[in-house]
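Student: My structure is below; once you've seen it, I'll send some questions.
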Amino acid sequence: MAKNKLQKFEDIANFLNVFEYTDFEDKPMPKGKWHAEVFDNANPIVLELACGKGEYTVNLARKFPEKNFIGIDKKGWRLWSGAKTAIEEPLSDVRFIRMFIDHLEQYFAPGEVAEIWIVFPDPFLRGSRESNRLTAPKFLKIYKNILIPGATIHLKTDSPELFQYTLETIESENCEITDRVDDVYLERPDDELLTIKTYYEEMHLEDRRTIKYISFRL
Ligand SMILES: C[S@@+](CC[C@H](N)C(=O)[O-])C[C@H]1O[C@@H](n2cnc3c(N)ncnc32)[C@H](O)[C@@H]1O
2 MAKNKLQKFE
12 DIANFLNVFE
22 YTDFEDKPMP
32 KGKWHAEVFD
42 NANPIVLELA
52 CGKGEYTVNL
62 ARKFPEKNFI
72 GIDKKGWRLW
82 SGAKTAIEEP
92 LSDVRFIRMF
102 IDHLEQYFAP
112 GEVAEIWIVF
122 PDPFLRGSRE
132 SNRLTAPKFL
142 KIYKNILIPG
152 ATIHLKTDSP
162 ELFQYTLETI
172 ESENCEITDR
182 VDDVYLERPD
192 DELLTIKTYY
202 EEMHLEDRRT
212 IKYISFRL
């Protein structure tokens, strides 16, 4: 029987690969110490933001054992799925954090992160909420403060509005586009990374929506 949200909350409180920092004063954060104290290696750290069930975190970890992966979402019952899979396989270099992406700088030191994936984030289609988009200038500034120079940010979306908005933001913020695919399943159907499917992506594909991808450097 599928677990309900409450059971999943109880589980993740005991999962050793899940960090929940809801109270900043109580627990010391491994800011600046993720390599030494959490992963016990010097491998690059890759974040998946708004990870939901963490399909990218888990699948990328399987493909790249020489990297560390952290899935981040504010909803604990969603990231339960990825965390459970990582425990069961096991994927030792995978962690999840239940937190608000807005607080990334409180969790990661400058230059501590090597790469960011943002997969089907909420597009916030109404104009007044544009600043909540995860590719809005305020978020790019946060990412810049934790990324190594020249690091890549990947965005996958079904939203033409978010895609166009991101293109415009990239231009106005003088970022460098490193790849662009306007229709992933038409142009790159065999691409192992771009065709990892998430829970939301499966729904968008059923609705015959076009999946877009862009990568860029700040
Ligand atoms: C549309 S869902 C996509 C989930 C997953 N990437 C997928 O493709 O199935 C967007 C996710 O972003 C998370 N989210 C939105 N804003 C957030 C924020 N500020 N901090 C952390 N998570 C956030 C939501 O909880 C939700 O799981």
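Residues in the sequence shown are numbered from 2 upward in steps of one, following this note's numbering.
Glycine is no exception: its CB is placed at the ideal position from the N, C-alpha and C atoms.
1. Below 7 Å CB to CB, which residues in the same chain sit around Leu126 once its five sequence neighbours on both sides are set aside?
2. What span of residues does the beta strand (DSSP E) with Asn69 cover, start to end?
3. First and last residue of the alpha helix (DSSP H) that includes Glu21?
4. With a 10 Å radius around its C-beta and 16 neighbouring C-beta atoms as the bar for buried, classify Phe164 as buried or exposed.
5. Run through DSSP, which three-state label would Thr158 get?
6. Please state whether the Cβ-Cβ distance between Thr158 and Lys213 is less than 7 Å.
7. At a threshold of 6 Å, does Val59 count as lining ligand 1 (C-beta to nearest heavy atom)?
8. According to DSSP, what are the bridge partners of Val114?
9. Measuring alpha carbon to alpha carbon, tell me which of Ser132, Val47 and Asp74 ends up nearest Leu61.
10. So for Lys213, helix, strand or coil by DSSP?
11. Measure from the alpha carbon of Glu193 to the alpha carbon of each residue in Val39, Asn69, Cys52 and Phe65, then state which is nearest.
12. Between Lys9 and the rest of its own chain, which residues show a CB-CB distance below 6 Å, the 5 nearest in sequence each way excluded?
13. Spatial neighbours of Ala1 within its chain, please: CB distance less than 6 Å, with the 5 preceding and 5 following residues excluded, ordered by chain position.
14. According to DSSP, what are the bridge partners of Ile46?
Tutor: In brief:
1. Only Glu162 meet the Cβ criterion.
2. It spans Asn69 to Asp74 - the beta strand (DSSP E) in which Asn69 sits, taken as one unbroken run.
3. Per DSSP, Glu21 is not a residue of any alpha helix (DSSP H); the beta strand (DSSP E) it occupies stretches across Val19 to Glu21.
4. Looking at its Cβ environment, which holds 16 or more other Cβ atoms inside 10 Å, Phe164 is buried.
5. Looking at Thr158 - three-state DSSP - the assignment turns out to be strand.
6. Cβ atoms of Thr158 and Lys213: closer than 7 Å.
7. No, the beta carbon of Val59 sits no closer than 6 Å to any heavy atom of ligand 1.
8. Answer by DSSP bridge pairing, in chain order: Leu148.
9. Among Ser132, Val47 and Asp74, the Cα nearest to that of Leu61 is on Val47.
10. DSSP places Lys213 in strand when its eight states are reduced to three.
11. Proximity to Glu193 across Val39, Asn69, Cys52 and Phe65 peaks at Phe65, based on C-alpha coordinates.
12. Taking Lys9 as the centre and dropping the five residues before and after it, the same chain places the C-beta of Trp78 and Trp81 closer than 6 Å to its C-beta, in chain order.
13. This structure gives no information on residue 1, because the portion of the chain shown stretches from 2 to 219.
14. According to DSSP, Ile46 bridges with Asn69.
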